[in-house]
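Numbering (this note's numbering), first residue to last: 492 to 1415.
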């Protein structure tokens, strides 16, 4: 007989044996059923609360859970009457009865995870949830080593706990795990067997029971001696994944794939979505809801041509692939339910920001706009804003058409905001807030555009988490500070970098003074428990899959942490307390933490990032990220807005100088020349503020020279430098003679160098510090010369303005000498740190050392200088990895930084904070 035929015959025989032993599991459709599938619960006579649950003709017994905190509580609507969802649940019940592991595959979004959690809730099953990413290792799945009382031992992780306790193991994002990680589960999936690091061995329940039956009590003792542990009969694995290669990820190994029963979970159909959204938002008009669902379904595929476009768009769809529209439009509908007069286009812009970004190509934008136009959701504000398909810079988010009238507090974490529509109609909406007074941020200039953006952020906040997208220097951080202050939030600032792991987002490893290993909560977890505003700055820099590991925290407000504890949604936590009468101490003992209802995650990102995979512009904004957030897109300021901003922040600047500067900056930004465009980032709003502050204090400054400084023109290629000079000349900015002669400048220490009181270089005078630490003041031999004396005077000007200084130049030109002599003249103590390619954020902030077997952290020069108010000299700043310099940048701009030992650097003390804070001391 042919080997292939023989193999097929053996497989059929095995299948028939399985089915014959499970005759009561073989399901047939009921031909008499007319109303479709329904969920029905049948309670047993002995226990009033538990019995069985039935969908159609499939029945599963429901038994009480030993650890009810592991049973999910899914309290959000989930297409309750949809036959598609019920068919998925019925299929899962069939596979559960057949003891088969499941693999739910489908588009990005929470639907697959929600169905798995709903199944566990219906059948009252305990769940272990593992979000997979490239950082997950074998020890995260099986066992991890811990030290307690000087003794090392192994702690079971989610997979082992699920196998021994009979729980459902949910592996979310199976395509993101490294290829050599998941095969460690192959034997557990296939034979229910696995060898553990602590010497135990998991044994299949059938094999274990047969050994007990054969050997009786002596067999049990023998198995205990050999550390054989029975895998529970109820252990089930549900894997969740995206289809690869349509999406980014690792394709499943065939041996692993063959161990699952797969199910394609597509988005529900039009009628199911309409019924679901009507239950979610009863106030939204039927017509508007139908149009939004239609837009979502038309744009819901990456390949638009497969959706049957009409003849007018068929020709342009041949080679155009548009980014995928999110599967769920729940957030847009919830927002329109609260703000019924808002433009539907505003709601769509919040959940689908692609057409607003510079990374969107003209053909893609045209395709998206034509779809919006077909369903009548263009929105107001497009025509007067000058919409142009070829000029992405002029396109920005549709206006919400609301303005804030007032925000009033009702309780420590609850407020009511009143908004007024342009028609005069007012609406009041409940908002979560922080415990601090409501006030605007200091030094924040409220232009009409910024007020409009704040309203957009408040509207998004009323629905859920959101992400602020904007180019470098457009004011994302300033807007976020203003948003937090207006709602009285404590802001947990979380700088992100490329090498950050998904584990670092939640917890980090540490040791106690006795040498025991512990897990310390990250700023994100602290924010969740305290109800703060977690600002995640730079999600565009994170590696593939890292941010996605927070999907469950963002949608269901629940997640499992590396140390085994759980963050629970406030309603689930309160429900468990009320039902079982557990005290807070008992909840803590069970490892349950309550997420405060006022907790919010707000992300900041640039549309284009260098940290993305392959460097493709905008590739960080994957369909999974789009489904997690709402998006508030910020455009650069217009000429009038920037004028108002600079006049407010730099009082005293000459109107003529300001006009020249802004005219030049706008020409630079709007130029079509690619060479000129590369220079536009040097003229961001932040740099313009610096130039204007300097012009206000030193009116004789040359604008020509200031522009050359911020654009680092000395290091530009000759073509770019010539283009810059030509543009300066075109805008009437010409070099002006200096009010001094360089060879006549003198460094004067008054009254004398033995007892210095002040330092004068040219016309600039600065008092010398008297009560400084002489040990840390540089003392070098310096030969004064006219050129370096002029540089010292320019440094003194910036020092008086309170600016941080960057000395940039070729090797051997005296950068270190200048910095040291400058500090020597002003008698300023300094700490010194040298960066290199192996510098990490941890080594930058603390120096670990082991004393008597205990891991301790000594303050780095950076922390010492912050704590004592010294000058920090950072040498070789260009040698460090980008993410390290970005963390330093965040410290300089926002005055906040989380140290590797858990302490926090802040610009001023936080009222009511229970953390160890290091307040930045100024050199005065």
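Heads up, the beta-carbon is just placed ideally off N, CA and C, and yes, glycines get one too.
Assumed close pair residue i, residue j - CB separation to whole angstroms, cut-off 8 Å
i, j, result
"residue 1346", "residue 1002", "4 Å"
"residue 1202", "residue 1153", "Actually they do not touch by this definition, with Cβ atoms about 16 Å apart."
"residue 594", "residue 752", "7 Å"
"residue 1190", "residue 1145", "6 Å"
"residue 954", "residue 1157", "35 Å between Cβ atoms; not a contact."
"residue 735", "residue 815", "Contact doesn't hold; Cβ gap of about 15 Å is too wide."
"residue 1034", "residue 625", "7 Å"
"residue 750", "residue 680", "4 Å"
"residue 1224", "residue 1275", "That belief does not hold up - the Cβ atoms of residue 1224 and residue 1275 are roughly 32 Å apart, past 8 Å."
"residue 973", "residue 945", "7 Å"
"residue 601", "residue 1046", "5 Å"
"residue 1026", "residue 1115", "Not quite, the Cβ-Cβ distance comes to about 21 Å (not below 8 Å), so this is no contact."
"residue 1086", "residue 1060", "6 Å"
Within 7 Å, strictly: CB atoms of residue i and residue j
i, j, result
"residue 611", "residue 546", "no"
"residue 549", "residue 583", "no"
"residue 1096", "residue 960", "yes"
"residue 1228", "residue 1267", "no"
"residue 775", "residue 832", "no"
"residue 613", "residue 544", "yes"
"residue 673", "residue 650", "no"
"residue 837", "residue 891", "yes"
"residue 528", "residue 567", "no"
"residue 440", "residue 1123", "Absent from the model: residue 440. The displayed extent of the chain is 492 to 1415, so no value can be given."
"residue 1139", "residue 965", "no"
"residue 553", "residue 617", "no"
"residue 1186", "residue 1148", "yes"
Reference residue i, options the options, closest by Cα
i, options, result
"residue 1005", "835, 1342 and 544", "1342"
"residue 1283", "1244, 1233, 1323 and 1329", "1233"
"residue 911", "1185, 1265, 902 and 895", "895"
"residue 784", "842, 1246 and 921", "842"
"residue 1133", "1340, 1177, 621 and 1090", "1177"
"residue 1339", "1332, 846 and 1348", "1348"
"residue 1094", "763, 558, 1051 and 968", "968"
"residue 691", "1261, 1352 and 719", "719"
"residue 1128", "941, 1099 and 1197", "941"
"residue 1078", "830, 1064 and 859", "1064"
"residue 1316", "982, 1360, 1302 and 1256", "1256"
"residue 1131", "1090, 997, 995 and 938", "938"
"residue 1216", "1231, 1198 and 1181", "1198"
"residue 739", "791, 668, 780 and 676", "668"
"residue 1142", "1167, 1125 and 1183", "1183"
"residue 1071", "1174, 496, 556 and 726", "556"
Buried or exposed by the 16-neighbour rule on C-beta atoms within 10 Å, applied to residue i
i, result
"residue 1208", "exposed"
"residue 933", "exposed"
"residue 844", "buried"
"residue 883", "No answer about residue 883 holds up, because its pLDDT of 37 lies below 50 and its placement is not dependable."
"residue 1118", "buried"
"residue 987", "buried"
"residue 770", "exposed"
"residue 761", "exposed"
"residue 1272", "exposed"
"residue 767", "buried"
"residue 661", "buried"
"residue 1399", "exposed"
"residue 538", "For residue 538, the predicted model reports a pLDDT of 40, less than 50, meaning its position is unreliable; a value from the coordinates is still stated below. Counting Cβ neighbours within 10 Å, residue 538 comes out exposed, since fewer than 16 surround it."
"residue 1136", "buried"
"residue 676", "buried"
"residue 902", "exposed"
"residue 1381", "buried"
"residue 1011", "exposed"
"residue 1254", "exposed"
"residue 1105", "Residue placement at residue 1105 is flagged as unreliable, the pLDDT there being 39, under the threshold of 50; a coordinate-derived value is accordingly withheld."
"residue 522", "For residue 522, the predicted model reports a pLDDT of 36, less than 50, meaning its position is unreliable and no value from the coordinates is stated."
*asked:* Assess contact between the segment 1245-1252 and the segment 1209-1226, defined as three or more Cβ pairs (one per stretch) separated by less than 8 Å. Is contact present?
replied: no
*Please determine if the segment 975-985 and the segment 1304-1324 are in contact, where contact requires at least 3 C-beta pairs separated by less than 8 Å.*
no
*Can you find at least 3 beta carbon pairs, one from the segment 1006-1025 and one from the segment 1047-1062, that sit closer than 8 Å?*
yes
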